[in-house]
Amino acid sequence: MTRLRLWLALPVLSMRLAVTVVLVVAASATAQAHPHVWVTMTTDLVYDASGAATGLRQVWTFDDMYSAFATTGIKAKINGQFTRDELEPLAKINVDSLKDYDYFTYATIDGKRNKKAFADPVDYWLTYDPKATVLTLHFTLPFRRPVKAKVLKIEIYDPEFFVDFEFADKNAIKLEDAPQQCAAWTDKPADQNFLPQQQSLNKSFVPSEAFIGMGMDFANKILVQCP
Amino acid sequence: MKRIGNGRYIRHIVTAGAVLVLTLLAGGHTVQAQFGAFGGPRPAAVGGVASWILAEQATFYRTLANSLRLAKRDGSALWGLIGISFVYGIFHAAGPGHGKAVISSYLIANEETWRRGVVLSFASAVMQSITAITIVSVAAVLLGATAKLMGDTVRIVEIVSYGLIVALGARLLWVKGRGFLGALHEFKNQSAHAGERHAHALGDHRPDGCCHPAHVHHHHVSGRDPHGSGANCHGEELDVLPWGHAHGPEPQQLAGPGGWRRGLSAVVAVGLRPCSGAIIVLVFALAQGLFWAGIASTFVMGLGTAITVGSIATLAVGAKTVAKQLAGRPVGYGGVLVRGVELGAAALVLAFGILLLTGYMASERMGLF
Numbered sequence: 001m002t003r004l005r006l007w008l009a010l011p012v013l014s015m016r017l018a019v020t021v022v023l024v025v026a027a028s029a030t031a032q033a034h035p036h037v038w039v040t041m042t043t044d045l046v047y048d049a050s051g052a053a054t055g056l057r058q059v060w061t062f063d064d065m066y067s068a069f070a071t072t073g074i075k076a077k078i079n080g081q082f083t084r085d086e087l088e089p090l091a092k093i094n095v096d097s098l099k100d101y102d103y104f105t106y107a108t109i110d111g112k113r114n115k116k117a118f119a120d121p122v123d124y125w126l127t128y129d130p131k132a133t134v135l136t137l138h139f140t141l142p143f144r145r146p147v148k149a150k151v152l153k154i155e156i157y158d159p160e161f162f163v164d165f166e167f168a169d170k171n172a173i174k175l176e177d178a179p180q181q182c183a184a185w186t187d188k189p190a191d192q193n194f195l196p197q198q199q200s201l202n203k204s205f206v207p208s209e210a211f212i213g214m215g216m217d218f219a220n221k222i223l224v225q226c227p
Numbered sequence: 228m229k230r231i232g233n234g235r236y237i238r239h240i241v242t243a244g245a246v247l248v249l250t251l252l253a254g255g256h257t258v259q260a261q262f263g264a265f266g267g268p269r270p271a272a273v274g275g276v277a278s279w280i281l282a283e284q285a286t287f288y289r290t291l292a293n294s295l296r297l298a299k300r301d302g303s304a305l306w307g308l309i310g311i312s313f314v315y316g317i318f319h320a321a322g323p324g325h326g327k328a329v330i331s332s333y334l335i336a337n338e339e340t341w342r343r344g345v346v347l348s349f350a351s352a353v354m355q356s357i358t359a360i361t362i363v364s365v366a367a368v369l370l371g372a373t374a375k376l377m378g379d380t381v382r383i384v385e386i387v388s389y390g391l392i393v394a395l396g397a398r399l400l401w402v403k404g405r406g407f408l409g410a411l412h413e414f415k416n417q418s419a420h421a422g423e424r425h426a427h428a429l430g431d432h433r434p435d436g437c438c439h440p441a442h443v444h445h446h447h448v449s450g451r452d453p454h455g456s457g458a459n460c461h462g463e464e465l466d467v468l469p470w471g472h473a474h475g476p477e478p479q480q481l482a483g484p485g486g487w488r489r490g491l492s493a494v495v496a497v498g499l500r501p502c503s504g505a506i507i508v509l510v511f512a513l514a515q516g517l518f519w520a521g522i523a524s525t526f527v528m529g530l531g532t533a534i535t536v537g538s539i540a541t542l543a544v545g546a547k548t549v550a551k552q553l554a555g556r557p558v559g560y561g562g563v564l565v566r567g568v569e570l571g572a573a574a575l576v577l578a579f580g581i582l583l584l585t586g587y588m589a590s591e592r593m594g595l596f
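Residue numbers (my numbering), protein chains in the order written: chain A, 1 to 227; chain B, 228 to 596.
1. By the criterion of Cβ-Cβ separation under 7 Å, what are the contact partners of P35 (chain A) in chain B?
2. Exposed or buried, which one is P434 (chain B) when buried takes at least 16 other CB atoms within 10 Å?
3. Residues of chain B with CB closer than 8 Å to the CB of I74 (chain A), please, in chain order.
4. What would DSSP say about T72 (chain A), mapped onto helix, strand or coil?
5. How would you call H412 (chain B), buried or exposed, if buried means at least 16 neighbouring beta carbons within 10 angstroms?
6. Taking just the CA atoms, how far does V549 (chain B) sit from H36 (chain A)?
7. What's the call for G80 (chain A), buried or exposed, on a 16-neighbour Cβ count within 10 Å?
8. With a cut-off of 8 Å, does the C-beta of Y288 (chain B) fall near any C-beta of chain E?
9. For T127 (chain A), list the residues DSSP reports as bridge partners.
10. Beta carbon of A367 (chain B), beta carbon of T71 (chain A): below 8 Å?
11. Residues in its own chain within less than 7 Å of T602 (chain B) by CB, not counting five upstream and five downstream?
12. In terms of residue numbering, what span does the beta strand (DSSP E) encompassing T358 (chain B) cover?
13. Look up E176 (chain A) in the DSSP assignment and give the residues it is bridged to.
14. Would you verify that the beta carbon of A70 (chain A) is, or is not, closer than 8 Å to some beta carbon of chain B?
15. So, L152 (chain A) versus A219 (chain A), is the Cβ gap smaller than 8 Å?
16. When you check each C-beta in the region 501 to 528 of chain B against every C-beta of chain A, which residues fall closer than 7 Å?
17. Taking 8 Å as the CB-CB limit, is V241 (chain B) close to chain A?
18. So, with DSSP's three-state summary, where would you put E86 (chain A)?
19. Do L577 (chain B) and L400 (chain B) have their C-beta atoms closer together than 8 Å?
20. Taking C-alpha atoms, which residue in B:E338, B:G378, B:L370 lies nearest to V402 (chain B)?
21. Would you be able to state if there are at least three C-beta pairs under 8 Å between the region 517 to 528 of chain B and the region 330 to 337 of chain B?
22. Put D164 (chain A) into one of helix, strand or coil per three-state DSSP.
23. Counting only Cβ pairs nearer than 7 Å, list the residues of chain A close to A292 (chain B).
24. Quick one, which of B:A533, B:A543, B:L570, B:A574 has its alpha-carbon nearest F318 (chain B)'s?
25. Would a C-beta distance cut-off of 8 Å place L395 (chain B) and A493 (chain B) closer than the cut-off?
26. Is the beta carbon of A184 (chain A) less than 8 Å from the beta carbon of L223 (chain A)?
27. Grouping DSSP H, G and I as helix and E and B as strand, with all else coil, what is A53 (chain A)?
28. For K153 (chain A), which residues does DSSP report across the bridge?
29. Tell me which residue opens and which closes the beta strand (DSSP E) that A184 (chain A) is part of.
30. What's the gap between the Cα of G462 (chain B) and the Cα of V565 (chain B)?
31. Cβ-heavy atom distance between L135 (chain A) and the ligand HEM below 7 Å?
32. For H427 (chain B), count neighbouring C-beta atoms within 10 Å of its own C-beta (all shown protein chains included) and say buried if the count is 16 or more, exposed if not.
33. For A210 (chain A), would you say it is in contact with chain B, using Cβ-to-Cβ distances shorter than 8 Å as the test?
34. Should W519 (chain B) go down as buried or exposed, given a rule of 16 or more other Cβ atoms within 10 Å for buried?
35. For A367 (chain B), return the contacting residues in chain A, with the cut-off set at a CB-CB distance below 7 Å.
36. Which value, in whole angstroms, describes the spacing of the CA atoms of T136 (chain A) and A572 (chain B)?
This is the structure in structure tokens:
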């Protein structure tokens, strides 16, 4: 009898122990990375004559620590000053690598997230500010097809949060040649304490999927509404 | 059967508490969280301790950069740099890529003591610091290499490191699989000869028959066994930490503690991959003309990291000790249970290696570019 109970208890106990061990290890395994790169950005939305959005002109300024890292080993004629030409190879590497990350830029057109909204950047270059010792990446990210939408949402963020994007204090977004009635505004992430936060925006502008996914908490949103 | 009594419930509560604390401490995200590839939605953020740790890390990292900037003009800022590096290391180790998972699983899979756990944690943290310093010294200082080249180098080192973890896991799985089968076999035998079943003491039993029942009977389940779990078989290994002892690789050695080579393999597998933060900080220090300050900062950071990893490793060893006590009697189903847990932990090491190698379990990114 005892023997039988023993056999019966075995699987339950094993399971319990296994679960304990897995939990302990998994918990210690999987904490999240914190940002190592900081980007301050401005974004211009460019429109064509028909009133469709053709692309985003993005300007990303990196923090000085990452700028120092990125410029290591790059030869400059004047020490500590890099010209656009000298930075040309790095700009190419940047833009090529960014492709793997979807340029950290995600478009939601009239409530539908479009994964293939953007084509490869058409022009790009790097500048260096020797005083602030920071690099700035300029690139234009064209829509694959010009977008005419009532509500266009652009989100710029790194889902892994290795890169921390934030809007510039001034002129963070600009509409270029957009139809008169279009309005745009930004919504910053709740990055003070990294806690998820309900969006304070008018609900009609926020598609239902907006609350899914943690990266969203760190997302910088640009919303453009056209009639 | 009498061992599975009331005390079990208290222990369950203790275990559950330990697990809870660890989960909070370590970030609360499950492996699944790392599967959120770019563009894909991720599980909701976890509040509380996890986000606090994340926020603290980011703050310290930025403060670290600031103190390097300051140190360029004011040498006294260097003391601040050292202090901040230390605290940053403690917090930062809670993030991915510092071998907590691999080291903890490794310790659980093997009959390791917490002391060895701590030594392994420190050794791997020191090794991580050394790789970071070596890569930046050779690539940036000597060769004048670009960030891309450095990133590619780290990438290769990373792949080798993950490959080693896979190899380590595969070997553990093989050894522990045999141990498990052995225990299972023993259990069946023992069921047949039920009268002999009190012959072995908890943790001292070896399925391979290394321990002679005659000299195993002391040190019962006290949990304060001065030799740590199961160390009796190789009396001479008792106080030998990873570096000390190198006798030939006997088959039974693979099943128990000791064997600095195995410890070393875990240290290398985990410590080979440098921490991205350390590399960026080193290069930044180099750019400020303060490379040596960067080196000092990296080592102190490693010390902080070791404290966190060592604590988690100690908790893992503690959890196993509790598990063993829960399992009750050392032979028979208790033995099967403990070997089963070890087998599971071995499988985890392998799984971590494969997930890391295939990119499903995110480690820290080297950089954007």
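The beta-carbon is built from N, C-alpha and C at its ideal position, and this holds for glycine as well.
Predicted, not measured: the structure shown is a model, and the values here were computed from it.
In short:
1. Translated into the one-based positions of the first sequence, residue 35 (chain A) becomes position 35. Under the 7 Å cutoff, chain B gives A285.
2. Counting from one through the second sequence, the residue named residue 434 (chain B) turns up at place 207. Note that P434 (chain B) scores a pLDDT of 44, beneath 50, so its modelled location is shaky and nothing firm can be said.
3. Sequence index remark: in the first sequence, residue 74 (chain A) carries index 74 (1-based). Per Cβ cutoff of 8 Å: T373.
4. For the purposes of this step, residue 72 (chain A) is taken as residue 72 along the first sequence, with counting starting at 1. T72 (chain A): coil per DSSP, three-state reduction.
5. In the second sequence, counting from the first residue as 1, residue 412 (chain B) sits at position 185. Result: exposed.
6. Numbered from its first residue, the first sequence carries residue 36 (chain A) at position 36. Numbered from its first residue, the second sequence carries residue 549 (chain B) at position 322. Distance between the alpha carbons of H36 (chain A) and V549 (chain B) is about 38 Å.
7. Counted from its first residue, the first sequence places residue 80 (chain A) at position 80. Exposed, since its Cβ has fewer than 16 Cβ neighbours within 10 Å.
8. Note that chain E does not occur in the displayed structure, where the protein chains are A and B.
9. Position 127 of the first sequence, counted from the first residue, corresponds to residue 127 (chain A). BP columns for T127 (chain A) point to A:T136.
10. Your numbering for residue 367 (chain B) matches position 140 in the second sequence. Your numbering for residue 71 (chain A) matches position 71 in the first sequence. Result no, Cβ atoms of A367 (chain B) and T71 (chain A) do not sit closer than 8 Å.
11. Lying outside 228 to 596, the shown extent of chain B, residue 602 (chain B) is not represented and no answer is given.
12. As a working note, residue 358 (chain B) is residue 131 in the second sequence. Element bounds for T358 (chain B): not the beta strand (DSSP E) but the alpha helix (DSSP H), 341 to 362.
13. By 1-based counting over the first sequence, the position of residue 176 (chain A) is 176. DSSP, once it has assigned bridges, lists A:V46 as partnering E176 (chain A).
14. Taking the first sequence and counting its residues from 1, one reaches residue 70 (chain A) at position 70. Yes, its Cβ sits closer than 8 Å to a Cβ of chain B.
15. To locate residue 152 (chain A), count along the first sequence from 1; it is residue 152. To locate residue 219 (chain A), count along the first sequence from 1; it is residue 219. No, they are not a contact pair.
16. S503, G504, I507, V510, F511, A514
17. As a working mapping, residue 241 (chain B) is identified with position 14 in the second sequence. Note on V241 (chain B): pLDDT 46, under 50, position unreliable in the model; the coordinate value appears next. Judged by the 8 Å Cβ criterion, V241 (chain B) is not in contact with chain A.
18. Position 86 of the first sequence, counted from the first residue, corresponds to residue 86 (chain A). In this structure, E86 (chain A) counts as coil in the three-state DSSP scheme.
19. The residue given as residue 577 (chain B) occupies position 350 in the second sequence. The residue given as residue 400 (chain B) occupies position 173 in the second sequence. It is a contact, given that the beta carbons lie within the stated cut-off.
20. Translated into positions along the second sequence, residue 402 (chain B) becomes position 175. When C-alpha distances from V402 (chain B) are compared across B:E338, B:G378, B:L370, the shortest belongs to B:E338.
21. no
22. Translated into positions along the first sequence, residue 164 (chain A) becomes position 164. It is a strand residue.
23. The sequence position of residue 292 (chain B) within the second sequence is 65, counting from 1. By Cβ distance, chain A contributes M65.
24. The residue you call residue 318 (chain B) lines up with position 91 of the second sequence. Of B:A533, B:A543, B:L570, B:A574, the residue nearest in Cα terms is B:A533.
25. On the second sequence, residue 395 (chain B) is found 168 positions in, with the first residue counted as 1. On the second sequence, residue 493 (chain B) is found 266 positions in, with the first residue counted as 1. Yes, Cβ-Cβ distance for L395 (chain B) and A493 (chain B) is below 8 Å.
26. Taking the first residue of the first sequence as 1, we reach residue 184 (chain A) at position 184. Taking the first residue of the first sequence as 1, we reach residue 223 (chain A) at position 223. Yes, Cβ-Cβ distance for A184 (chain A) and L223 (chain A) is below 8 Å.
27. Reading the first sequence from its first residue, position 53 is the one you call residue 53 (chain A). Here A53 (chain A) carries a strand assignment [DSSP, helix/strand/coil].
28. Taking the first sequence and counting its residues from 1, one reaches residue 153 (chain A) at position 153. DSSP lists A:T108, A:L223 as partners of K153 (chain A).
29. Numbered from its first residue, the first sequence carries residue 184 (chain A) at position 184. Per DSSP, A184 (chain A) belongs to the beta strand (DSSP E) from 183 to 187.
30. Here residue 462 (chain B) refers to the residue found at position 235 of the second sequence. Here residue 565 (chain B) refers to the residue found at position 338 of the second sequence. Reliability fails at G462 (chain B), whose pLDDT of 33 lies under 50, so the model's placement of it is uncertain and the value that follows must be treated cautiously. Spanning the two alpha carbons is a distance of roughly 22 Å.
31. Absence of the ligand HEM from the depicted structure is noted, as is the absence of any ligand whatsoever, leaving it without description.
32. Against the second sequence, residue 427 (chain B) aligns to sequence position 200. The pLDDT assigned to H427 (chain B) is 44, lower than 50, so where the model puts this residue is not dependable, and the model offers no usable value.
33. Reading the first sequence from its first residue, position 210 is the one you call residue 210 (chain A). Bear in mind that the predicted position of A210 (chain A) carries a pLDDT of just 33, short of 50, making it too unreliable to give a figure here.
34. As a first step, residue 519 (chain B) is located in the second sequence; it is residue number 292 there, counting from the start. W519 (chain B) is exposed by the Cβ-count criterion.
35. Taking the first residue of the second sequence as position 1, residue 367 (chain B) is located at position 140. Residues of chain A passing the Cβ test: T72, G73.
36. Position 136 of the first sequence, counted from the first residue, corresponds to residue 136 (chain A). Position 345 of the second sequence, counted from the first residue, corresponds to residue 572 (chain B). Using only the alpha carbons, I get a separation of about 47 Å.
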